[in-house]
Amino acid sequence: MSAKNHKKDDILYKEELKRKITKLKKERNAAIIVHNYQRDEIQEIADFSGDSLALARAAIDTKAEILVFCGVHFMAESASILNPDKKVLLPVKEAGCPLADMITVPSLRQKKKEFPRAAVVCYVNSSAEIKAESDISCTSSNAIEVVKSIKNKRIIFVPDKNLGRYVQSQVPEKDIILWEGYCPTHLRLTEEDVVKAKKNFPGSEFIAHPECRPEVLKLADHICSTAGMFKYARASKAKEFIIGTEGGMLYKLKKENPDKKFCLPTPRLVCANMKLTTLGWVVHSLESLVYEVKVSPQIRERARQTLERMLRVTEKPALKR
Ligand code: CIZ
932 MSAKNHKKDD ILYKEELKRK ITKLKKERNA AIIVHNYQRD EIQEIADFSG DSLALARAAI
992 DTKAEILVFC GVHFMAESAS ILNPDKKVLL PVKEAGCPLA DMITVPSLRQ KKKEFPRAAV
1052 VCYVNSSAEI KAESDISCTS SNAIEVVKSI KNKRIIFVPD KNLGRYVQSQ VPEKDIILWE
1112 GYCPTHLRLT EEDVVKAKKN FPGSEFIAHP ECRPEVLKLA DHICSTAGMF KYARASKAKE
1172 FIIGTEGGML YKLKKENPDK KFCLPTPRLV CANMKLTTLG WVVHSLESLV YEVKVSPQIR
1232 ERARQTLERM LRVTEKPALK R
């Protein structure tokens, strides 16, 4: 069979899977909730797409009884914590987050003992158990606002050291204790990659995610979360952008700005966990109602308070497609 026919078959197969998903969604009263880093074909079937903050809000607002969460485990867990009466499904149970795994409850408790007067801010990329041990949660879009809202001068910021360091640079009046965690995907982006991309695309703007290394952030024209990147690209007069975050972002950036160009500084900006979710797994999830993500009531109650404190700092309506 020729490569052309293969491609045609692949397109027909994907269309068939999408039709199945539409049918199953209606039958199950389900909503498909999709993170910005997912594959293009998954973003195409989203009822809601966005960053983890927008998705948490969408999960609360939707009337659907089943939430198929196309993202990674901690995101589905947050949706379940905030919506204990809804069934939250993660289509691929192995879709985890290495950054979230870089901290454990005993190690955080030890740090809290060392700094008993510090408040604990946990990045949303953390487990329910870590959220339950923290005072307030944050995402990359509201980390600065959240840290500013805290009365304590000293803050233990977990688990992403790069985001924590960036927040420290923006809120110098606080004394932030960093955790030795990082996102392996963002860490793969080097200074050399950015310098080379800037040479290849003269006149472009480099937008970087705060999970990138400090040397990379120094080269950025703008530093922001994924939600911030959509806003910035829309408003900027520039016509070309180098995007310093996971490659799934290009899908919506291109769709929303057809007259502008977007590229990655390196093809290595791919999160293998985010890419595990495929149309086939979404069909499987809706058919078999798997894999349900649930949090024990004791952990859930404390983690819910941590998430709700964050939501109260940045009260905004949910982002809907
Ligand atoms: O908050 C999120 O969803 C993540 C992981 C990044 C971002 O900047 O949106």
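So the sequence shown is numbered by the working numbering: it starts at 932 and just counts up by one. For every residue, glycine included, the Cβ atom is placed at its ideal position computed from N, Cα and C. In this text the structure is predicted, and so the values were computed from the model without any measurement.
(message) So, at 8 Å on beta carbons, what are the nonlocal neighbours of H1215 in its own chain, with the 5 sequence-adjacent residues on each side left out?
(response) P1022 and V1221
(request) Can you tell me which of V1226, Q1236, E1239 and L1238 puts its alpha carbon nearest to the alpha carbon of D1016? (result) V1226
(message) So for K1149, helix, strand or coil by DSSP?
(response) coil
(request) Specify whether the segment 948-967 and the segment 983-1003 touch according to this definition: at least 3 beta carbon pairs, one from each stretch, less than 8 Å apart. (result) yes
(request) Just mark T953 as buried or exposed, buried being the case when its beta carbon has 16 or more other beta carbons within 10 Å. (result) exposed
(request) Please confirm whether N1204 and C1028 have their CB atoms less than 8 Å apart. (result) yes
(message) Less than 8 Å between the C-beta atoms of V1051 and D1032, yes or no?
(response) no
(message) Closest to E946 by C-alpha separation, out of E958, Q969, E975 and R959, would be which residue?
(response) E975
(message) Nearest by alpha-carbon distance to K1092: which of I1108, K1082 and K1079 is it?
(response) I1108
(message) Let's test the definition: count the other Cβ atoms within 10 Å of the Cβ of T1035 and tell me whether it reaches 16, buried, or not, exposed.
(response) exposed
(request) Kindly confirm or deny that the segment 1056-1073 and the segment 1153-1160 touch, where touching means at least three C-beta pairs closer than 8 Å. (result) yes
(message) Counting C-beta neighbours from all protein chains within 10 Å, is the total for L969 16 or more, i.e. buried, or is it exposed?
(response) Reading the sequence as shown, one finds Gln at residue 969 and not Leu. Classification for Q969: buried.
(request) Taking H1117 as the reference, give the member of I1086, E1025, N1014 and L1094 with the closest Cα. (result) L1094
(request) Can you give me the start and stop residues for the beta strand (DSSP E) that I1174 sits inside? (result) E1171 to G1175
(message) For the alpha helix (DSSP H) containing S1009, name the first residue and the last one.
(response) H1004 to L1013
(request) Go to R1085, then tell me how far its beta strand (DSSP E) extends in each direction, as first and last residue. (result) R1085 to V1089
(request) Return the Cβ separation of P1090 and L1148 in integer angstroms, given the expectation that the two are a contact with Cβ distance under 8 Å. (result) Incorrect: roughly 18 Å between the Cβ atoms, too far for contact.
(message) Does the beta-carbon of D1032, which I'm using as the reference point, lie nearer than 7 Å to any heavy atom of the ligand CIZ?
(response) no
(message) Restricting to Cα atoms, I'd like to know which of V1213, N1131 and E1146 is closest to I1173.
(response) N1131
(message) Among the candidates V1201, A1151, A934 and I1061, whose CA atom is the shortest distance from the CA of D971?
(response) V1201
(request) Using three-state DSSP, classify I964 as helix, strand or coil. (result) strand
(request) For the segment 1074-1084 and the segment 1037-1055, state whether three or more C-beta atom pairs, one from each stretch, are separated by less than 8 Å. (result) yes
(request) Using alpha carbons as the reference points, say which of F1137, T1197, D992 and M1160 lies closest to L1150. (result) F1137
(message) Mapping the DSSP letters down to three states, classify G1262 as helix, strand or coil.
(response) No statement about residue 1262 is possible, as the shown extent of the chain runs from 932 to 1252 and does not include it.
(message) Determine whether the beta carbon atoms of A1164 and L1184 lie at a separation below 8 Å.
(response) yes
(request) Using 10 angstroms around the beta-carbon of V1126, count the other beta-carbons present and answer buried if the total reaches 16, otherwise exposed. (result) exposed
(message) Nearer than 7 Å: is that true of the beta carbon of S1072 relative to any heavy atom of the ligand ZN?
(response) The ligand ZN is not among the ligands present in this structure, which contains only the ligand CIZ.
(request) Measure the C-alpha to C-alpha separation of R1252 and A985 and round it to an integer number of angstroms. (result) Residue confidence for R1252 is low, a pLDDT of 24 falling below 50, so the modelled location carries little weight; the figure read from the coordinates is stated next. Taking the straight line joining both Cα atoms gives about 11 Å.
(request) Inspect the beta-carbon positions of L948 and G1211 and report whether they are closer than 8 Å. (result) yes
(message) So, at 6 Å on beta carbons, what are the nonlocal neighbours of C1143 in its own chain, with the 5 sequence-adjacent residues on each side left out?
(response) H1117, L1120 and G1175
(message) Taking its Cβ as the centre, do 16 or more other Cβ atoms sit within 10 Å of L943, making it buried, or is it exposed?
(response) exposed
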